[in-house]
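Structure first, then comments.
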Amino acid sequence: MGANVLCATGQNQSPIDMVDGVFQTLTAADVKLQINDMPEGTEFENLGTTIEVVSKGGTLEAGGKTYEFKQFHFHLPSEHLDNGTSIAMEMHMVFQTPEEDIAVVGVFVDLDTGAAAAADAATTQVITPPAAKRDLGRHPHSRRGEAASAPRADSHLSAIIDLLTSSLATTTGTSSALLETVFSQVAEVASPGSVTKTQPLVMSELVNTLLAGSFQSYSGSLTTPPCSEGVMWLVSTQKLKIQTATFEKVRSVIGFNARHSQNTPGFNNLLAVGAQSAVAAKAAAAVPAAPAVKI
């Protein structure tokens with residue numbers, strides 16, 4: 006197991022079910038969040054495990070530390086559960102200190118299927134520079150291990166995601182201009198290793214949305230190998246929305262790349278619990294049956 010041992014033994018693994026009692030609530034006053042707008046756009050890449058947008062500056066101050074904004078990427082469906090409920094998608098905003106401490110802001114992304122979505126679809130402008138191919142080596146700004154498992158073509162998982170989509174069909178609201186702008190070019194990064202440049206990104210929309218709510222904070226881990234612990238998680242109470250058609254386009258590229266919800270922080274690792282149960286079941290099966298009593 007080696008470097009990835011924490012994935013199977015760690016007791017503070019992420020993601021988790023965000024229910025009362027497992028997190029500390031941080032208000033906007035407890036967090037300082039500043040992210041630079043990107044008027045010239047930025048790099049948008051398919052890592053083969055997810056799609057990632059590289060940051061051009063920003064900071065997060067929380068828990069007495071200052072973190073630098075590195076990038077944001079997406080998981081489908083959400084990795085964290087919202088009080089037991091899986092959401093269509095989750096965005097992870099990765100921050101890091103010079104000492105390599107990591108903080109991740111998790112943002113649920115829901116579906117907007119109301120009248121506003123149709124209006125947004127009619128006015129969305131798409132400018133797609135040609136995609137470029139590049140080596141699959143890790144980008145210098147890519148998350149340190151915070152990448153999802155490779156997308157899997159699995160009809161059962163696809164059916165689950167379809168069910169999730171249909172269950173959210175009554176959600177209404179206004180689609181996120183930022184996400185619609187980013188995802189308007191998802192076809193340009195459809196292949197692993199492809200990279201393009203986004204349109205101008207107005208990050209202030211996102212910052213204002215997040216600071217209008219609060220954050221559910223806990224100490225967890227990277228959600229992918231090596232599953233390093235000590236990661237400061239801040240899951241926003243604010244949800245972003247995208248159009249259903251946009252979601253379907255993103256799903257066709259990302260596939261399923263979410264880790265299942267882990268055990269409550271401080272409790273035994275789910276894989277360890279499963280292994281113990283398997284050993285106990287095997288031992289019970291090996292016990293010889295008592296001989297029949299003849300009367």
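Take the sequence shown: its position 235, counted from the start at 1, is 240 in our numbering, and no numbers get skipped.
For every residue, glycine included, the Cβ atom is placed at its ideal position computed from N, Cα and C.
Collapsed DSSP secondary structure at residue i in the structure displayed
i    : result
S257 : helix
D106 : coil
F252 : helix
V99  : strand
E48  : strand
D25  : coil
G15  : coil
D35  : helix
T186 : helix
E193 : helix
S67  : What sits at residue 67 in the sequence shown is Ala, not Ser. The answer is strand: DSSP assigns A67 an E or B state.
G7   : helix
S172 : The pLDDT assigned to S172 is 43, lower than 50, so where the model puts this residue is not dependable; a value taken from the coordinates is nonetheless given after this. Residue state, collapsed to three classes: helix.
Sequence-distant residues of its chain with Cβ nearer than 7 Å to residue i (five each side left out)
i    : result
N274 : A13, T14, G15, Q16, Q18, N268
R157 : With a pLDDT of 42 at R157, under the threshold of 50, the modelled position of this residue cannot be trusted, and the question is left open.
S233 : L11, G150, S226, L227
Beta-carbon separation (whole angstroms), residue i vs residue j, contact threshold 8 Å
i    : j    : result
S222 : M237 : 7 Å
F77  : M96  : 6 Å
A67  : L239 : 7 Å
Whether residue i touches residue j by CB criterion (7 Å)
i    : j    : result
K61  : Q101 : no
K254 : G46  : no
L183 : L211 : yes
T55  : F79  : yes
S219 : T251 : no
E84  : R256 : no
P20  : S224 : no
N51  : V194 : yes
S231 : N88  : In the sequence as presented, Ser is not what sits at residue 231; that position holds Pro. Contact flag unset, no.
S180 : I247 : yes
L38  : L65  : yes
V187 : V258 : no
6 Å Cβ shell around residue i - same chain, five flanking residues per side excluded
i   : result
M43 : K61, L206
V24 : N88
Chain-order list of residues whose beta-carbon lies under 8 Å from that of residue i (same chain, five-residue window excluded)
i    : result
G271 : Q16, N17
Segments of 4+ residues assigned as alpha helix (DSSP H) that fall wholly inside the stretch 207 to 277: 209 to 216, 249 to 259
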